[in-house]
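Numbering (this note's numbering), first residue to last: -18 to 142.
Right, one structure below, let's go through it.
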């Protein structure tokens, strides 16, 4: 190997090592808490809704809606992340909240790690009569936490004509 090739290779190697060190330091600074990878393997739900763990209390979406609605008329659905307010900040935040009416998507709100956010969203929903032939519909709320994965909550609502 000639001197010029050696110097180019050495300089390039030093540059790559420096960039790698800086990237690792930045990742540690902005994401100091390690994510539990097992929570990303499936959709997480409360194992026992009557006795939720502290993790479930902060992550299972809570849906507030009228117990009975009239088909074709708008009503409000409020989705809050957890019974206990979920922390929101650069190392740990809710990435989005989604609402499905049955199997149909109704809405989604994306959130950012910075700012003064409370992970709570209000949707206005209209359920057509043909969407609830049995007179009942299930509202499904989903949220994704950057450290604790994808979570689901549900609520059954009666639909009258």
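Note that the Cβ used here is the ideal one computed from N, Cα and C, for glycine as well.
These figures come from a predicted structure and were not determined experimentally.
Within 8 Å, strictly: CB atoms of residue i and residue j
i: residue 130; j: residue 41; result: no
i: residue 156; j: residue 67; result: Outside the shown range of the chain, which is -18 to 142, sits residue 156, and nothing can be said about it.
i: residue 115; j: residue 78; result: no
Residue i to residue j span [Cα, whole Å]
i: residue 46; j: residue 71; result: 31 Å
i: residue 22; j: residue 132; result: 11 Å
i: residue 92; j: residue 28; result: 26 Å
i: residue 58; j: residue 16; result: 30 Å
i: residue 105; j: residue 69; result: 25 Å
i: residue 81; j: residue -11; result: 57 Å
i: residue 118; j: residue 139; result: 6 Å
Identity of the residue in the options nearest residue i by Cα
i: residue 18; options: 83, 126 and 141; result: 126
i: residue 63; options: 37, 110 and 95; result: 37
i: residue 84; options: 52, -17, -15 and 113; result: 113
Cβ distance (whole Å) where residue i is taken to contact residue j below 8 Å
i: residue 120; j: residue 136; result: 5 Å
i: residue 108; j: residue 50; result: 6 Å
i: residue 44; j: residue 124; result: No, residue 44 and residue 124 are not in contact; Cβ-Cβ is about 11 Å, not under 8 Å.
Residues that residue i bridges to, as DSSP identifies them
i: residue 132; result: 25 and 124
i: residue 73; result: 70
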